[in-house]
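First the structure, in the form of structure tokens, and then the observations on it.
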Amino acid sequence: MDLDAFRRLLTDPGQRLLAEAEDAVAGGEDALAVQTRLRRTAAPADVAAALTQATLRVRARDKFGELAARMYFTPDGLEQATRLRVAEHRAARLGAAGSRTLVDLGCGIGGDLVAAAGAGLTCAGVDLDPVRVAVAEANLAAFDLPGAVRVADATTVDPGPFDVAFADPARRTARGRVFDVDGWTPPWPFVERLLAGDACVKVAPGIPHDLVPPGVEAEWVSDRGDVKEAALWSGRLATTARRATVIADSGLATLTDEDDPGAEVRPVGDYLYEPDGAVIRAGLVTAVAAGVEGGLIDEHLAYVTGDRAFRTPFARGYAVREELPYREKALRAALRERGVGRLTIKKRGVDVVPEELRRRLDLRGEAEATIVLTRAAGRGTAYLVDPL
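The opening residue of the sequence shown carries number 2 in my numbering; numbering runs sequentially from there.
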């Protein structure tokens, strides 16, 4: 994105152009026709900037909700930005810990700055990209939030004057996602230096547990059932070793290793529970088992079973109606006998592609059903279940 064109977008004429572009995108107008029409009164670079913002604001609704309509983005900045509800949770944790000032080392488009400033923290941000810095400034201004943002190399900034340092190292390049922590920008040694003080670092959900430094809390966060990130908390911000936080429309719940007394493998009972992805990533499946007064169906799988129905934010529950044959031919016959035509297939720990299996089963009944294909005590099993 052209920096000068973006700055012109913030002027009164630029805002009118952006409004026209948004109306055109919302109306589903042909892209070429829109560009031709808007270029009659505006420069091509300005039209491109306006259409880019209009398109990105639509894409950003999933992450930022209603705020997206007033925010500004770059394509890569939106890709890396934290989902608003997750950023607000993090800001609330910082506030609860007594943090008053924060420096965001690599602030991107400023989504985390908006959440932190909105929670009352005094914030500063730095980023190497002048466009992202301009966008972050515009996003703070869009909500009348205080904060200073400037172009700088995050690795050269001293976080000492601030209560908390926050960083979200880039994990993507032009070639795609980077899984090696030394390939992050900034790389892992920078993260380790930050974690020697009071810091919070957003990392990939797949971060290995053994990579987390001693004394650092690792928190996995899911939003509406999807694991969105992991965050490493250090210094006075670390309150446990492992934490799973689940955010839903009804509120927020958290589970830690201190809630985990352990659990044993046991026979499948009247209920199955599928732990949330954040719970699985945090290695707290046995904590869920204890919470539902149950156990594991297999020592290597993240399914929990019990004899009572529980409502828990940390797992989805199913009532077990009956065990069905696991082999495909016999399973097809059993489902046809029950008149099943619409089938939801849940699977874990077995080599099954649900879409392909559903096609091969070729079911045509009127009933709807859910089956769970998994292993119990090392044996392939199938269960007909009803979601709680």
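Virtual Cβ for every residue (Gly too), placed ideally from N, Cα, C. Please read these numbers as outputs of a predicted model, since none were measured by experiment.
1. With H, G and I counted as helix, E and B as strand and the rest as coil, what does DSSP make of residue 89?
2. So, with DSSP's three-state summary, where would you put residue 351?
3. In whole angstroms, what is the alpha-carbon distance linking residue 96 and residue 114?
4. Using a C-beta cutoff of 8 angstroms, does residue 222 count as contacting chain B?
5. Alpha carbon to alpha carbon, how far is residue 18 from residue 242? Give it in angstroms, no decimals.
6. Using a threshold of 8 angstroms, state whether the C-beta atoms of residue 290 and residue 254 are closer than that.
7. Is it buried or exposed for residue 199, if we count other Cβ within 10 angstroms and need 16 for buried?
8. Taking the beta strand (DSSP E) that residue 287 belongs to, which residues open and close that run?
9. I'd like to know whether the C-beta atoms of residue 310 and residue 228 end up nearer to each other than 8 angstroms.
10. Could you pull out every unbroken alpha helix (DSSP H) segment of at least 4 residues lying fully inside the stretch 137-223, listed in chain order?
11. Whole-angstrom Cβ separation of residue 132 and residue 224, contact assumed at under 8 angstroms?
12. With residue 14 as the anchor, note down where its alpha helix (DSSP H) starts and where it stops.
13. If we call anything under 8 angstroms between Cβ atoms a contact, is residue 344 one with residue 325?
14. For residue 368, collect the residues of the same chain with a Cβ closer than 8 angstroms to its Cβ; drop the 5 residues on either side in sequence, then sort them by chain order.
15. Kindly indicate which three-state DSSP category residue 280 falls into: helix, strand or coil?
16. Suppose the cutoff is 8 angstroms on Cβ atoms and the five residues either side in sequence are ignored; what does the same chain contact list for residue 205 look like?
Answer, in terms of the structure:
1. Sequence index remark: in the sequence shown, residue 89 carries index 88 (1-based). Per DSSP, reduced to three states, the secondary structure at residue 89 is helical.
2. Start at 1 with the first residue of the sequence shown, and residue 351 comes out as number 350. Residue 351 falls in the coil class under three-state DSSP.
3. On the sequence shown, position 95 is the one that residue 96 refers to. On the sequence shown, position 113 is the one that residue 114 refers to. If I take the Cα positions, the gap works out to 13 angstroms.
4. Of the protein chains in the structure, only one exists, and it is not chain B.
5. Counting from one through the sequence shown, the residue named residue 242 turns up at place 241. Counting from one through the sequence shown, the residue named residue 18 turns up at place 17. Rounded to the nearest angstrom, the two C-alpha atoms are 50 angstroms apart.
6. Indexing the sequence shown from 1 puts residue 290 at position 289. Indexing the sequence shown from 1 puts residue 254 at position 253. The criterion of a C-beta distance shorter than 8 angstroms is not satisfied by residue 290 and residue 254.
7. Locating residue 199 in the sequence shown gives position 198, counting from the first residue. Flag for residue 199 reads buried.
8. On the sequence shown, position 286 is the one that residue 287 refers to. Where residue 287 is concerned, there is no enclosing beta strand (DSSP E), although the alpha helix (DSSP H) it sits in stretches over 286-292.
9. Taking the first residue of the sequence shown as 1, we reach residue 310 at position 309. Taking the first residue of the sequence shown as 1, we reach residue 228 at position 227. Not in contact: residue 310 and residue 228 (Cβ atoms no closer than 8 angstroms).
10. Positions of the alpha helix (DSSP H) runs, each at least 4 residues long and wholly inside the stretch 137-223, are given as 189-195 in order along the chain.
11. For the purposes of this step, residue 132 is taken as residue 131 along the sequence shown, with counting starting at 1. For the purposes of this step, residue 224 is taken as residue 223 along the sequence shown, with counting starting at 1. About 28 angstroms separates the two Cβ atoms, so there is no contact after all.
12. Stepping through the sequence shown from its first residue, residue 14 is reached at position 13. Start and end: 13-27.
13. As a position in the sequence shown, residue 344 is number 343, starting the count at 1. As a position in the sequence shown, residue 325 is number 324, starting the count at 1. Result no, Cβ atoms of residue 344 and residue 325 do not sit closer than 8 angstroms.
14. Residue 368 sits at position 367 when you count from the first residue of the sequence shown. These residues qualify, in order along the chain: 339, 340, 341, 342 and 343.
15. Locating residue 280 in the sequence shown gives position 279, counting from the first residue. Residue 280: helix per DSSP, three-state reduction.
16. Sequence index remark: in the sequence shown, residue 205 carries index 204 (1-based). Contacts found: 172, 180, 230 and 231.
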